[in-house]
Amino acid sequence: MSDALGLSIGTTNLAAATVGRQPVIRRSVLTLYGHSAPEVGEPAGKTGAVVLSGFVERVGDPVPLVAADGNTYPAAQLVVEALESMAALAGAQAPSDVAISVPSYWSPATTAALADTLEASAILSPGGSRPRLIPDSEAALTALNANPGLDRRGVAVLLDFGGGGTSITLVDAASAFTAIGGTERYAEFAGDQIDQAVLGHVLDGVGGGVDPAQTAAVGSLAALREQCRAAKERLSVQTATEVTADLPGYRGEIRLTRAELEELMARPLDGVFVALEEALARNSIGWSSISSVALVGGGAAIPLIAQQVSQRLRVPVVTTPQPALDAAVGAALFAGYGRGAETATVAAPEADSTYALAWSQDDSPVDDVVPYTGEIPEERPNPYALSGAYETEVVVPYDDRDHDAGAGPRFPLSVIGVVAALALLAVGGAAIALTSVDSSDPTTPTPGNVPLSSALVPSEAPPAAATVTVSQQTVQPPPQTTIAPPVVTTPPTTVPTTTTTTTTSPTTTTTTTTTTTTTTTTTTTTTTTTTTTPPTTTTTQPPTTTEPPTTTQQPRTTAMTTTYLEVPFVPVPIPIPVPDTP
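For the sequence shown, the numbering used here gives the first residue as 1237, with consecutive numbering after it.
Here's what the structure looks like:
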């Protein structure tokens, strides 16, 4: 840690901090000499020098800066030259570890542009290794956490009052100060704007005899503005000060008090609290969740700012005597703890050893600077611990097939469905067969001798008397079954006589008086033809037995037997009674 160097980049100031030496702070101004190394800070008034400023805001811009001598300089290269000069002022000629804090509101492209330029610097990239670039908010919180310390509960607010604007950063103090959202930039309250307000107040005190637009007054106004900035900084520790005004047509002292400065700052400062409220609302954080507020940057040294923050937020306010140096001190702590410390831009490598390293034996004035960002382990009882010290339990995923593995061979569900359908069809067919077999034939109705009330009108009158003979294949009737079809003989009247011929098959019974044919499921059809003759009718009798008109049909008896139907996957045969046919 003895050779660690920490640098901070600001739009107004550059700072450097090393171990064992006083930090150094200079203005973000670079003076170039043709015969010597460039100098950082306010120019010393040497002749033949080129003074450049405003290069910090131009980092990442592909358009270079144009100097007074006509030469162009990339902004990133000017920043590297200024940082090398700061390292020399801090006494770190050959640092072993370098960490640089960059503005938190910089984009990744801007940071990458600076990193690429730093790689060519032998001082800032020792051994060809790039320096660590960390956001200035993280570096400042590291310094404040080391001294005087931060409350690690709730939400902490970091307000960085810089020369170019105010940066607002919300962090989760309970999670190692992890940033919540991004850094909000409020440019309406800046150190440069306060300096301009003080300059206007001083010019009002001088009177209307000075015209700022005069060419002779331009240089004088620039010098007066620097005196106003110095007076603002003195009022941080004093209640009143004087500003020397040397202008065309006027030379004298202008008195400036702290009350007047606070009056100039009151309205712009209100905008900071409005911006803070908006940042909290965007992240769904209430005022009651804020545990502390940290003030850093050169403007944080103004007593009015800390007073207003404490009165409005009603939370502890943490600051240091030199808040402009907090980012550089935090960067030095990062550099001192080596490459193993976590940063937002460089991934921490895995530790090669668990023993104490060489730099850890150095005396350090602070405790742990970079808090552990992971979850804090604690001893908890293991609910899955086994009873024995060396027992091992293998947990197998649940499978319902293991519970009925011994029930027999398994078949696909599709096969089982087909077999079940066949069984259902077999049982249904047997039931239909049983319902179609009856123990006795129904009684055949016999027409009476009563004459018909009206003559039957045939659908088509035949041309002459004809005898219709029904020819069909003789079907052998079942044994012990003889059915005599009734023959109806009508008296010699004008009423036509209806002759009905009935042929009975083994499983078909046809009985009709109105020429109706009835068939069963065995699909054996018997055709019955009815012939209507004129009044003098000769009826041809079929070769059957003719009985009197009133005929009583004897019941038919059918012998039955039992057949056993075997259905797949049914343990016992199913008994089914069927007709006993030869």
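Each residue gets a CB set at the ideal place from its N, CA and C atoms; glycine is no exception.
Nothing here was measured: the structure is a model prediction, and the numbers come from that model.
Query                                                                                                                          : Result
Residues that Ile-1430 bridges to, as DSSP identifies them                                                                     : DSSP, once it has assigned bridges, lists no residue as partnering Ile-1430.
Ser-1527 - DSSP class collapsed to helix/strand/coil                                                                           : strand
Ala-1252 CB to nearest heavy atom of the ligand SAM below 6 Å                                                                  : The ligand content of the structure shown is nil, which means the ligand SAM is not present either.
Start and end residues, alpha helix (DSSP H) containing Glu-1850                                                               : The displayed coordinates of the chain run from 1237 to 1818. Any statement about residue 1850 would go beyond what the structure contains.
Arg-1262 and Gly-1277 closer than 7 Å at C-beta                                                                                : yes
Neighbourhood of Thr-1480 by C-beta, 7 Å cutoff - its chain only, sequence neighbours within 5 removed                         : Gln-1463 and Glu-1489
Extent of the continuous alpha helix (DSSP H) to which Ile-1541 belongs                                                        : 1539-1549
Rounded Cβ spacing between Ser-1546 and Val-1391 (contact assumed at less than 8 Å)                                            : Rounded, the Cβ-Cβ distance is 17 Å, inconsistent with contact.
Secondary structure of Ser-1403, DSSP reduced to three states                                                                  : strand
Test item: CB-CB of Pro-1559 and Val-1529 under 7 Å                                                                            : no
Terminal residues of the alpha helix (DSSP H) in which Asn-1381 lies                                                           : 1372-1382
Which residues DSSP lists as bridging Ile-1521, in chain order                                                                 : For Ile-1521, which the question treats as bridged, DSSP gives no partner whatsoever.
Cutoff 6 Å; reference Asp-1333; Cβ partners in own chain excluding five residues on either side                                : Ala-1240 and Ala-1571
Close beta carbons around Ala-1515, own chain, < 7 Å, minus the five adjacent residues each side                               : Ile-1404, Leu-1406 and Glu-1420
With 16 other Cβ atoms within 10 Å as the buried cut-off, status of Pro-1613                                                   : Any answer about Pro-1613 is weak, because its pLDDT of 44 lies below 50 and its placement is not dependable; what the coordinates show is given next. Classification of Pro-1613: exposed, given that the 10 Å Cβ count is below 16.
Beta-carbon contacts of Ile-1416 that lie in its chain and below 8 Å, excluding the five residues immediately before and after : Val-1391, Leu-1406, Val-1407, Asp-1408, Asn-1519 and Ile-1521
Meets three-Cβ-pair contact criterion under 8 Å: the stretch 1339-1356 and the stretch 1365-1384                               : yes
Spatial distance of Val-1706 from Met-1796 (CA atoms)                                                                          : Confidence is the limiting factor: at Val-1706 the pLDDT is only 41, short of 50, which leaves the residue's position unreliable and the question unanswerable from this model.
For Pro-1344, the three-state DSSP class (helix, strand or coil)                                                               : helix
Within 7 Å, strictly: CB atoms of Val-1265 and Ser-1289                                                                        : yes
Secondary structure, beta strand (DSSP E): runs of 3+ residues fully inside the stretch 1240-1299                              : 1240-1245, 1249-1254, 1260-1263, 1265-1268 and 1286-1289
Whether Phe-1397 touches Pro-1504 by CB criterion (7 Å)                                                                        : no
Contact set for Thr-1475: own chain, Cβ-Cβ below 6 Å, skip 5 residues either direction                                         : Arg-1494
Cutoff 7 Å; reference Arg-1470; Cβ partners in own chain excluding five residues on either side                                : Thr-1477
Other residues of its chain near Arg-1389: CB distance less than 8 Å, five sequence neighbours each side excluded              : Ala-1409, Ala-1410 and Ser-1527
Per-residue DSSP class, three states only, for Pro-1811                                                                        : strand
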